[in-house]
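Here the UniProt record's numbering is used: position 105 in the sequence shown is 105, and no number is missing along the way.
Every residue gets a Cβ at the ideal spot worked out from N, C-alpha and C, and that includes glycine.
Model, not experiment: these values are computed from the prediction.
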Amino acid sequence: MLIGIGHPILRTFFYSYGRLVARHPRLILVFSIGVFFTTLYGLFNFSRINDLEYLYSPMNAPSKAERKRFNDMFPEDADNHYSYLRSPEIGEFLTLFASAVGDNVLTPEAIADVRELDNAVRAVKSIQYRADSSSKAYVYKDICCINNGACIPDPLLALLKFCDASKIRFPVHQVNASGNLIDVFLGYSLGGVTIKDGTTIAKAWRMRYSLLPDHPMSMQWEREAQTAVEQLRFEHITVSRNTARSIRDELHEVAKRISPLFVVSFFLLVTFSAASLMTTDWLQSKPQLAVAGVVSSCLAIPSAFGVCSQFGIPAADIVAAAPFLIVGVGVDDTFVMTAAWRQTDHRLTVEERMGLAFADAALAVTITSIADILSIAVGAFAQFHSVQIFCAFTGAGIAFDFFYQLTFLGACMVFAGRREAASRHPIACNTVIPPSMAKDRGVFFRWFCTGGVLENETRTVPAAISFFRNTCVDLLNHATVKAVIFVLYAVYLGVAFWGCTRVRQGLHLSKLATDGSYVNEFYDVKDVYFTEFDLPLSVLIEGRIEPWQTEDWRYMEKVLESYEQHSEFFHGADLSVAWTRRFVDQFGIIEDRENFTRAFKAFIQWPNNQQFDLDVKWDHGMTAITATRFHFICKEVGTSVRETAMMQLSRQVAAEMKERHFIVTAFHPLFVFFDKYAIVVPTTLRNLALAMAAMMVVSLVLIPSLACCLSVTLSIASICTGVIGYMTWWGVNMDSISMTNIIMCIGFSVDYSAHITIAFVTASGMDKVERMRNAFAMVGFPIVQCAVSSILSISLLAAARGYMLRAFFKIMFLVIVFGAFHGLLVIPEILLAVGGGVLKYQRYVLRKKVDPTLPKSILDKLDMASVDETGDTPKHTDTPFRVISSHYSATNSRHSAISLGRFATNSRHSAISLRHSSNPEPSIPPLSTSPGITSPLHSTSPPHSTSPRPTSPRHSTSPGLTSPLHSTSPPHSTSPELTSLPHYINPQQATSPT
């Protein structure tokens with residue numbers, strides 16, 4: 001049977017490794033620090049990237065191939081013939097919105113303010129300092145895009161030189177300039193337009209300053225012009241601004257502001273961890289491990305950044321959230337490892353306790369770390385560089401966190417264990433005495449300088465462990481509580497499914513900026529006033545076109561009409577920019593090539609038609625047109641849903657128009673960002689399915705129970721459904737940022753479910769309720785600690801002034817809360833309901849892993865003595881241990897005694913399990929009647945009798961802490977409060993007969 005095949009292998013490995021760390025803690029500590037400093041070398045190659053298109057557009061976006069087609073057919077010439085309507089690139093620019101303080105921006109006073117604003121922008125100087133100590137000042141006209149030998153003027157300001165503002169016609173105004181009629185499109189210049197008594201009234205004025213994309217001073221001038229505009233104040237207008245680099249700068253600002261938050265988060269985690277690892281017994285308190293755990297997590301951050309940088313992976317601003325996540329995971333692992341240490345018998349040596357603690361804790365940490373890394377690895381195959389970069393840095397951080405937990409923290413655990421073994425205070429390092437010996441001392445001394453118990457005293461069970469073991473399990477096993485949890489879970493799923501049906505897609509660019517930023521103000525004005533005349537769509541036709549042929553002419557007209565008929569997205573023929581229609585209006589239909597080419601040359605000489613020369617590409621000799629393009633004005637596509645629908649419709653129409661040898665392509669520069677809307681949901685669902693499948697395989701290999709594996713897998717699906725549904729209600733859209741977090745949900749949602757499941761499978765107890773008690777005693781409180789520490793690690797992100805970080809907080813908060821809900825309530829109820837399937841695995845362990853040489857008759861008795869499939873207490877009078885021990889007594893075999901020792905060690909369903917059973921045997925016969933073989937399980941003297949240690953407060957032999965290694969009384973004589981706490985046995989002692 002392959003289910004759980006890796007479970008005993010990992011337990012054996014980590015048991016041996018834990019003992020190794022205990023023997024050489026200083027060497028392990030130096031090794032971990034050496035690895036840390038080695039990885040720092042990679043930071044010399046650290047680099048950043050903030051290109052929005054590279055980070056947030058799909059790598060294989062169709063728009064990139066479409067843009068290449070346009071650039072191949074009509075390469076942009078910004079130095080001579082630039083046209084915003086026709087540009088296939090977003091380019092470098094400064095855009096200003098002048099909003100009227102009153103009701104109309106076209107009043108003389110407001111126009112005067114706009115002219116002053118325009119003059120101030122054009123006068124901004126950007127100084128370039130050269131290597132020879134000389135300098136040169138650049139103004140707008142030195143770096144602007146050129147058309148017809150001059151910078152592109154503002155169309156409305158240019159129009160006002162020829163007519164009065166009150167006589168402007170919207171959206172197209174025809175002006176007579178030097179005897180030439182020129183059409184001026186004002187749809188992109190004026191917003192919030194109304195016509196009152198024949199007069200045009202506008203709320204806002206848009207001004208665009210296009211810069212040469214390859215000029216070295218363009219970026220610097222953008223920033224200096226923006227700073228100059230920020231300082232200007234006007235009486236009749238308010239100015240909003242945006243540049244090509246505004247979003248990039250804002251993302252960097254968000255990342256820069258998060259650094260102080262991480263420092264505060266560090267101290268919060270240290271404080272909470274130290275407090276939660278403190279008890280009223282100063283001997284058992286481990287505040288120094290809290291600091292070590294947080295420090296080991298912090299070591300993983302520069303190591304991850306160094307290794308990623310060494311491999312040439314640039315850092316993006318989204319990576320700023322990764323340290324919070326890495327530290328949260330590391331602190332979770334710290335709690336699990338310290339809890340495992342506390343579950344070991346304090347009478348054992350430090351080496352033995354480390355081996356046993358690592359056998360349990362390192363196994364759980366390994367499963368959760370593999371889950372985290374697997375989910376992140378799946379995310380690394382996403383179609384977004386931003387997601388890949390984030391997953392690379394986070395995955396490396398979690399891998400290094402796992403490494404430092406096993407080395408740095410492991411060594412610190414050894415030092416803490418030695419301190420405990422020496423009965424020394426965790427802070428002052430002085431020797432502590434039991435409280436019963438300090439009755440004559442002061443209150444301060446009794447509170448802060450005592451710990452441990454005398455040999456005739458009973459150690460008090462920590463209140464948290466007692467609460468989870470007894471109170472919580474009693475409540476979970478109560479019929480009323482079961483019904484309440486069922487109703488809560490049904491409501492949880494119902495609201496989650498409802499939210500999944502209302503998922504919103506899209507990432508508005510303004511959300512990448514900080515709250516209250518000038519970018520937010522800019523997009524607010526745009527969304528209110530400039531949606532009626534939105535993006536210009538360009539449609540390219542490739543192929544040999546002979547426009548004097550009626551068939552080819554009709555085909556071009558058919559393409560135009562195919563787009564114009566979709567009035568929900570495009571304005572009609574009156575606003576379409578098509579040279580064919582203007583040509584027909586002036587020259588009519590010409591069916592002769594020579595006359596047509598002669599007429600076309602004359603056509604593009606007219607001032608109003610010169611722009612169309614940029615839309616037609618002739619072959620050599622003008623024997624045919626090889627490519628031509630038309631332009632359409634979109635309307636009201638300001639939301640991601642309409643942007644996606646418009647893009648998909650444009651491509652659909654283009655595909656339908658591919659006739660004969662013609663190829664039609666539709667494109668707008670922002671399509672490179674719109675493409676992500678179409679693939680975010682399919683990519684997220686695909687990655688979720690892949691990650692869940694991978695986690696199912698990992699669970700089957702490492703968790704020795706099919707029922708538990710299915711429970712963990714179903715909990716992953718349930719948690720991810722909840723996160724997607726509830727994030728919708730919390731105002732988080734499905735976009736490339738949330739997709740990154742959702743993919744990671746799979747790994748982090750496993751943590752709490754895996755902890756409780758593994759604890760249940762490996763816990764002692766002959767019935768499912770008793771197993772659940774012991775499982776809750778082991779991991780109940782650590783799960784709460786992990787959840788609280790994880791929330792603390794990301795809590796400060798809730799105050800971040802950026803949507804990106806707040807979305808990260810919201811999603812991870814949901815993952816943590818829902819994970820704890822499933823780990824502490826849902827999964828335990830499932831295990832209590834189907835626990836028989838888990839206990840059935842116990843029969844397999846007993847048959848296959850005790851002694852393969854046992855006779856068939858003994859194995860049959862073993863099956864009969866095992867628990868029944870319902871998971872209830874065995875109905876037979878014999879127990880597995882009794883059957884085997886009777887056989888060994890009869891055979892009087894040394895080999896059999898050793899095998900039984902292995903059985904007692906490797907199977908948690910052994911005599912120790914029976915000792916913790918709710919129905920313990922009244923007596924258990926000795927393992928062997930042979931005087932030469934004495935079992936360590938029933939020895940009347942401690943195994944270390946050859947080298948007794950001095951009595952100390954920690955070496956209690958009180959009934960409340962009877963150890964299987966030191967017991968001189970039957971197992972059932974232990975205190976009822978502690979009979980089901982996990983006890984361990986030293987494998988070396990168990991397998992070596994005295």
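- Item | Whether residue 750 touches residue 705 by CB criterion (7 angstroms) | Counting from one through the sequence shown, the residue named residue 750 turns up at place 750. Counting from one through the sequence shown, the residue named residue 705 turns up at place 705. No.
- Item | Nearest-angstrom beta carbon gap, residue 753 and residue 668 [assumed within contact, 8 angstroms] | As a first step, residue 668 is located in the sequence shown; it is residue number 668 there, counting from the start. As a first step, residue 753 is located in the sequence shown; it is residue number 753 there, counting from the start. Residue 668 to residue 753, Cβ: 46 angstroms. No contact.
- Should residue 595 be labelled buried (16 or more other beta-carbon atoms within 10 Å of its own) or exposed? Counting from 1 along the sequence shown, the entry for residue 595 is found at position 595. That one is exposed.
- Same chain, Cβ closer than 7 angstroms to residue 143, neighbours up to 5 away in sequence not counted: Numbered from 1 along the sequence shown, position 143 holds the residue referred to as residue 143. The beta carbon of residue 143 sits closer than 7 angstroms to the beta carbons of 211, 212, 215, 217, 218 and 221 from its chain, once the five residues preceding and following it are set aside; these are given in chain order.
- Would you kindly report the start and end of the unbroken alpha helix (DSSP H) that includes residue 85? Against the sequence shown, residue 85 aligns to sequence position 85. From DSSP, residue 85 is part of no alpha helix (DSSP H); its letter is neither H nor E.
- Task: Using the Cα positions of residue 17 and residue 359, report the straight-line distance between them to the nearest angstrom.
- Result: Start at 1 with the first residue of the sequence shown, and residue 17 comes out as number 17. Start at 1 with the first residue of the sequence shown, and residue 359 comes out as number 359. Near 9 angstroms, if we compare the C-alpha coordinates of residue 359 and residue 17.
- 3-residue-minimum beta strand (DSSP E) runs that sit fully inside the region 31-110, ordered along the chain: 92-100
- Message: Check this for me: beta carbons of residue 97 and residue 525, under 7 angstroms apart or not?
- Response: For the purposes of this step, residue 97 is taken as residue 97 along the sequence shown, with counting starting at 1. For the purposes of this step, residue 525 is taken as residue 525 along the sequence shown, with counting starting at 1. Yes.
- Exposure label - residue 383; buried when at least 16 CB within 10 Å: Taking the first residue of the sequence shown as position 1, residue 383 is located at position 383. Looking at its Cβ environment, which holds 16 or more other Cβ atoms inside 10 Å, residue 383 is buried.
- Task: Classify residue 282 as buried or exposed, calling it buried when 16 or more other Cβ atoms lie within 10 Å of its own Cβ.
- Result: Within the sequence shown, numbered from 1, the residue matching residue 282 stands at position 282. With 16 or more other Cβ atoms within 10 Å, it is buried.
- Message: For residue 191 and residue 609, I'd like the C-alpha separation in whole angstroms.
- Response: The residue you call residue 191 lines up with position 191 of the sequence shown. The residue you call residue 609 lines up with position 609 of the sequence shown. Straight-line Cα distance between these residues: approximately 26 angstroms.
- C-alpha distance - residue 800 paired with residue 258, whole-angstrom precision: In the sequence shown, counting from the first residue as 1, residue 800 sits at position 800. In the sequence shown, counting from the first residue as 1, residue 258 sits at position 258. Their Cα atoms are separated by approximately 7 angstroms.
- Item | Burial state of residue 620 (16 or more Cβ within 10 Å) | Here the question's residue 620 lines up with position 620 in the sequence shown. So residue 620 counts as exposed.
- Message: Restricting to Cα atoms, I'd like to know which of 466, 501 and 408 is closest to residue 34.
- Response: Position 34 of the sequence shown holds residue 34. With distances taken between Cα atoms, residue 34 lies closest to 408.
- Message: Taking the alpha helix (DSSP H) that residue 729 belongs to, which residues open and close that run?
- Response: Here residue 729 refers to the residue found at position 729 when the sequence shown is read from its first residue. It spans 706-729 - the alpha helix (DSSP H) in which residue 729 sits, taken as one unbroken run.
- Task: Return the chain-ordered list of same chain residues with a C-beta closer than 6 angstroms to the C-beta of residue 58, the five sequence neighbours on each side being excluded.
- Result: Taking the sequence shown and counting its residues from 1, one reaches residue 58 at position 58. Same-chain partners within the cutoff: 383, 675, 676 and 679.
- Leaving aside the five residues before and after residue 636 along the sequence, list all residues of the same chain whose C-beta is less than 6 angstroms from its C-beta, in chain order. The sequence position of residue 636 within the sequence shown is 636, counting from 1. Once the five neighbours on either side are set aside, the close Cβ partners of residue 636 are 531.
- Quick one: any contact between the region 642-651 and the region 700-716, if contact means 3 or more CB pairs under 8 angstroms? no
- Message: If I measure Cβ to Cβ from residue 485 and keep anything under 6 angstroms in the same chain, skipping five residues before and after, which residues do I get?
- Response: Working through the sequence shown from its first residue, we reach residue 485 at position 485. Here the set comprises 825 and 829.
- Determine the closest residue to residue 341 out of 188, 357, 805 and 195, with distance taken between C-alpha atoms. Here residue 341 corresponds to residue number 341 of the sequence shown, with the count starting at 1. The shortest C-alpha separation from residue 341 is found at 357.
- Task: Would you kindly check if the distance between the Cβ of residue 739 and the Cβ of residue 684 is under 7 angstroms?
- Result: The sequence position of residue 684 within the sequence shown is 684, counting from 1. The sequence position of residue 739 within the sequence shown is 739, counting from 1. Cβ atoms of residue 684 and residue 739: closer than 7 angstroms.
- Message: According to DSSP, simplified to helix, strand and coil, what is residue 150?
- Response: What you label residue 150 is simply residue 150 of the sequence shown in a count that begins at 1. Looking at residue 150 - three-state DSSP - the assignment turns out to be strand.
- Consult DSSP for residue 205 and reduce its assignment to one of helix, strand or coil. As a first step, residue 205 is located in the sequence shown; it is residue number 205 there, counting from the start. Note: residue 205 maps to strand in three-state DSSP.
- Task: Pull up the distance between the alpha-carbon of residue 686 and that of residue 50, whole angstroms please.
- Result: Mapped onto the sequence shown, residue 686 falls at position 686. Mapped onto the sequence shown, residue 50 falls at position 50. Rounded to whole angstroms, residue 686 to residue 50 spans 27 angstroms at the Cα level.
- Query: With a Cβ-Cβ cutoff of 7 angstroms, do residue 135 and residue 127 count as a contact?
  - Reply: Taking the sequence shown and counting its residues from 1, the one referred to as residue 135 is at position 135. Taking the sequence shown and counting its residues from 1, the one referred to as residue 127 is at position 127. Yes, they are a contact pair.
- Message: Among the candidates 536, 152, 184 and 652, whose CA atom is the shortest distance from the CA of residue 162?
- Response: Stepping through the sequence shown from its first residue, residue 162 is reached at position 162. Checking every option, the nearest Cα to that of residue 162 belongs to 184.
- Task: Evaluate residue 757 with the Cβ neighbour count: other Cβ atoms within 10 Å of its Cβ, from every protein chain shown; 16 or more gives buried, anything less gives exposed.
- Result: Along the sequence shown, read from residue 1 onward, the residue named residue 757 stands at position 757. Buried, by the Cβ-count rule.
- Supposed contact pair residue 54 and residue 736 - C-beta distance, whole angstroms, cut 8 angstroms: Locating residue 736 in the sequence shown gives position 736, counting from the first residue. Locating residue 54 in the sequence shown gives position 54, counting from the first residue. At roughly 12 angstroms, the Cβ-Cβ gap does not stay under 8 angstroms, so residue 736 and residue 54 are not in contact.
- Query: If we count Cβ pairs, one from each stretch, closer than 8 angstroms, do we get three or more for the region 370-382 versus the region 273-288?
  - Reply: no
- Query: Taking the Cβ atom as the reference point for each residue, do residue 794 and residue 324 lie within a distance shorter than 7 angstroms?
  - Reply: On the sequence shown, position 794 is the one that residue 794 refers to. On the sequence shown, position 324 is the one that residue 324 refers to. Between residue 794 and residue 324, the C-beta spacing is below 7 angstroms.
- Item | residue 70 classed as buried or exposed, judged by whether at least 16 other C-beta atoms fall within 10 angstroms | Against the sequence shown, residue 70 aligns to sequence position 70. With 16 or more other Cβ atoms within 10 Å, it is buried.
- Message: Counting beta carbon pairs with one atom in the region 482-497 and one in the region 715-726, are three or more of them shorter than 8 angstroms?
- Response: Verdict: yes, contact present.
- Buried or exposed: residue 605, going by 16 or more other Cβ atoms within 10 Å of its Cβ? Start at 1 with the first residue of the sequence shown, and residue 605 comes out as number 605. The residue is exposed, with fewer than 16 neighbouring Cβ atoms inside 10 Å.
- Message: Could you give the first and the last residue of the continuous beta strand (DSSP E) run that contains residue 509?
- Response: By one-based count along the sequence shown, residue 509 stands at place 509. First-last for residue 509: undefined, no H or E at that position.
- At a cut of 8 angstroms, does the region 395-404 reach the region 770-786 through at least three beta carbon pairs? With a cut-off of 8 angstroms, the region 770-786 and the region 395-404 do not count as touching, because too few Cβ pairs lie within range.
- Query: If residue 719 and residue 818 are in contact, beta carbons under 8 angstroms, what's the gap, nearest whole angstrom?
  - Reply: Position 719 of the sequence shown, counted from the start, is the residue given in the question as residue 719. Position 818 of the sequence shown, counted from the start, is the residue given in the question as residue 818. Indeed they touch by this definition, with Cβ atoms about 5 angstroms apart.
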